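Since the structure comes first, as structure tokens, the remarks are kept for the end.
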Amino acid sequence: MIRIAVMTFMYRGNIEKGDLTHQELVKLCASSGAKGIEAFHSDFVDNPKLVSLYRSLLADHGMSMPVIDVITNLVHADAGQKQKGIDELRRGLDLCAQMGAEIAHVAGHAPVAGVPLDDAR
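Final position of the sequence shown in the numbering used here is 572; the numbers increase by one with none missing.
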């Protein structure tokens with residue numbers, strides 16, 4: 452059986468404007484038949500209270516967070532910048548562990564002049 456998870460980043464603007472709450476979003480997804488939520492890690496880094504909120508909401512609705520999108524760029528000529536990207540990746544992977552996400556969708560890499568393309572893959 453196919454299990455559907457809803458990618459929620461496109462509702463970020465609605466939540467920021469107050470048109471939708473996190474509670475309403477999870478309830479809407481659950482009532483539509485979704486079994487999971489896919490979120491951006493940065494939302495939880497920016498607002499750590501979301502971790503406990505989403506754990507509770509997902510449990511209440513019999514849902515999970517099977518995947519988290521970890522947005523970071525690991526392609527840098529400067530070692531310090533690359534380390535910042537690695538640190539962000541670690542924050543995202545730690546969040547995956549906290550939320551029980553089995554998949555970290557790591558995205559945001561872009562080729563940089565002077566950096567071998569293999570570093571951008």
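Cβ coordinates follow ideal geometry from the N, Cα and C atoms, glycine included. Since this is a predicted model, take the numbers as computed values, not measurements.
Going by DSSP in three states, residue 515 sits in which element: helix, strand or coil?
strand
Does DSSP put residue 565 in a helix, in a strand, or in coil?
coil
Can you confirm whether residue 512, when its beta carbon is compared against all beta carbons of chain B, has any partner nearer than 8 Å?
You won't find chain B in this structure, because it holds only one protein chain.
Proximity of residue 540 and residue 521 at Cβ, strictly below 8 Å
yes
Near residue 504, what residues of its chain come up, given a Cβ to Cβ distance below 7 Å and the 5 sequence neighbours on each side ignored?
473
Could you check where the alpha helix (DSSP H) with residue 477 kicks off and where it finishes?
473-482
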